[in-house]
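Q:
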Amino acid sequence: MDIYSKRLPTIKQLQYFIAVCEELSFTGAAEKLGISQPPLSTQIKNLEETLQITLFLRNSHKIVLTKEGEILKSKVTKLLNGLCTIVKSTKTNCFEKVIIGSTKTLSFDYIPFFRLFFSEFRDETEIYKHNYTSKELLFELQKGNIDFAIVSDYSNRDFSENSLLIYQEPMMLVLPTKHPCSQLNKVNLSDVTDLPLFWFKQHLNPFFYEQCDKVFNRLDKPIIRRAELADNLSMLLEVALGNGMMLLPQSKAQAKVDGVSYKKLITNQNDKLKINIYLVWRKNLKITPVNKTIIDFFHSSLNHSTD
């Protein structure tokens with residue numbers, strides 16, 4: 054066998070193999086890689102068939118590396134680290150980084166798929182100023198200050214040919230722990246209309262506001278809405294006191310506050326209240342190899358939507 058053999062494993066297979074080695078879980082490895090589990094299992098199976106060895110012993114409780122798997126892990130780790138060194142060494146100091154802005158609507162550090170993207174492209178990209186809304190980022194894109202923007206729901210026709218739906222973020226219901234529904238795995242909004250909902254003004258995100266209204270209008274009773282407070286922490290404290298409830302993007306539902314419970318919505322409400330996230334790029338963006346790789350990275354990303 055030589056270096057041109059078609060029987061050699063792919064880099065992707067080796068990367069997936071190392072991820073499973075580190076997590077000792079196909080579910081954990083898939084989350085780390087920002088992919089769904091079936092393609093991961095397929096790649097590992099293909100790798101085992103290519104090498105004609107068993108890499109993992111599996112049962113319903115855990116995964117264990119075989120002796121051959123342990124040996125391969127050591128060699129593959131060195132190989133992939135060597136490839137990383139080669140790639141870094143070929144970059145010139147005058148390399149111009151791609152400027153990317155991401156909306157403050159979500160906390161991308163808590164979404165494995167985006168965490169993987171920013172990790173893989175950290176040498177090629179530079180993050181634009183934080184705390185920008187989607188509307189502000191689109192304006193910066195039009196001015197040419199950034200190359201790409203990751204934004205939430207928008208209806209800007211100027212970018213219809215330069216955008217890609219890449220992710221859907223579910224909403225979490227934030228309830229006082231003393232509310233009876235806080236004991237349920239999934240909550241129906243019709244069962245919590247006794248609490249006022251902290252809610253944003255329509256002009257801040259018209260598309261998502263209307264999307265939510267369609268769900269609210271089908272509830273058994275109308276939801277009483279309270280104006281949002283200055284920050285999430287203030288509202289969480291109010292929820293803890295039993296003075297209201299919130300709907301937060303899942304990635305934003307991370308703060309641990311006594312007296313507060315984060316709950317998933319029932320399936321039909323969860324599916325209709327997801328926030329659409331788009332990758333948008335400048336009309337005059339030069340499609341360099343790096344820019345093309347970024348766009349290609351996101352092309353199949355709807356598989357990474359979190360349930």
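With this note's numbering applied, the sequence shown has no gaps in its numbers, which climb one by one up to 360 at the end. Just so you know, even glycine gets a beta-carbon here, dropped at the ideal spot from N, CA and C.
#1: Candidates Tyr-181, Ile-164 and Asp-247: which alpha carbon is nearest Tyr-220's?
#2: Looking only at its own chain, which residues have a Cβ that is under 8 Å from the Cβ of Ser-94, when we skip the five neighbours before and after it?
#3: Is Met-54 helix, strand or coil when you go by DSSP?
#4: In the DSSP assignment, find the unbroken alpha helix (DSSP H) run with Ala-82 in it and report its ends.
#5: By alpha-carbon positions, which one of Ala-202, Glu-177 and Tyr-315 ends up nearest to Thr-230?
#6: Mind checking if Tyr-262 is an interface residue toward chain C, Cβ cutoff 9 Å exclusive?
#7: Out of Glu-84, Ser-205, Ile-64 and Lys-339, point me to the one whose CA is closest to Leu-132's CA.
#8: What does DSSP give as the partner residue(s) for Leu-301 in the beta ladder?
#9: Would Cys-137 be called buried (16 or more neighbouring beta carbons within 10 Å of its own) or exposed?
#10: Go through its chain and collect everything with a Cβ distance to Phe-251's Cβ below 6 Å, but skip five positions before and after it.
#11: Report the three-state DSSP secondary structure of Val-333 (helix, strand or coil).
#12: How long is the line joining the alpha carbons of Tyr-262 and Leu-338, rounded to whole angstroms?
#13: Restricting to Cα atoms, I'd like to know which of Glu-123, Phe-167 and Leu-248 is closest to Glu-84.
#14: Sorted by chain position, which residues of the same chain lie with C-beta nearer than 7 Å to Asn-99's C-beta, five sequence neighbours on each side aside?
#15: Can we say the segment 306-324 touches the segment 196-204, given the rule of at least three CB pairs closer than 8 Å?
#16: Which runs of the alpha helix (DSSP H) fall wholly inside the segment 155-186 and span at least 4 residues, in chain order?
#17: Alpha carbon to alpha carbon, how far is His-183 from Ser-155?
#18: Just to confirm my understanding: we take Phe-351, look at its own chain, exclude 5 residues before and 5 after, and list those with CB closer than 7 Å. What are they?
#19: Have a look at Val-117 and Ile-277 and give me their C-alpha separation to the nearest angstrom.
#20: Given that a residue counts as buried once 16 or more other Cβ atoms are within 10 Å of its Cβ, and exposed if not, what is His-114?
#21: With a threshold of 8 Å, establish whether the CB of Leu-61 neighbours any heavy atom of the ligand FMN.
#22: What first and last residue would you give for the beta strand (DSSP E) that runs through Ala-280?
#23: Whole angstroms is fine: what's the gap from Gln-68's alpha carbon to Asp-349's?
#24: With a CB to CB cut of under 8 Å and the five nearest residues on each side skipped, what residues in its chain are close to Lys-157?
#25: Got a sec? Which residues, its chain only, sit under 7 Å from Lys-188 by beta carbon, not counting five neighbours each side?
#26: State the Cα-Cα distance for the pair Ser-172 and Leu-108, rounded to the nearest angstrom.
#27: Would you call the CB atoms of Ile-88 and Phe-70 closer than 9 Å?
#28: What is the rounded straight-line gap between the Cα of Glu-259 and the Cα of Val-129?
#29: Going by alpha carbons, who is nearest to Val-73 out of Leu-61, Leu-125 and Leu-104?
#30: Which same chain residues, not among the five before or five after Asn-323, have their C-beta less than 7 Å away from its C-beta?
#31: For Glu-177, which residues of its own chain have a beta-carbon under 7 Å away from its beta-carbon, when the five flanking residues on both sides are left out?
#32: What does DSSP give as the partner residue(s) for Ala-202 in the beta ladder?
A: Taking the definition as stated:
#1: Ile-164
#2: Phe-79
#3: Under the three-state reduction of DSSP output, Met-54 falls in the coil class, being neither helix nor strand.
#4: Its alpha helix (DSSP H) spans residues 79-86.
#5: Tyr-315
#6: Looking at the structure shown, chain C is missing, and only one protein chain is on hand.
#7: Ile-64
#8: Met-225
#9: exposed
#10: Arg-279, Glu-281, Met-288, Gly-297 and Met-299
#11: strand
#12: Going by the C-alpha atoms only, they are around 31 Å apart.
#13: The option with the nearest alpha carbon to Glu-84 is Phe-167.
#14: Gln-66
#15: no
#16: 165-173
#17: 7 Å
#18: Leu-217, Ile-219 and Leu-332
#19: If I take the Cα positions, the gap works out to 53 Å.
#20: exposed
#21: Among the components modelled here there is no ligand, and therefore nothing to report on the ligand FMN.
#22: 278-280
#23: 18 Å
#24: His-183, Asn-184, Tyr-185 and Thr-186
#25: none
#26: 27 Å
#27: no
#28: It is worth fixing the name first, because residue 259 is Pro in this sequence and not Glu. Between Pro-259 and Val-129, the C-alpha separation is close to 50 Å.
#29: Leu-125
#30: Pro-223 and Lys-317
#31: Lys-150, Val-151 and Val-343
#32: Gly-154 and Val-333, per the DSSP bridge assignment.
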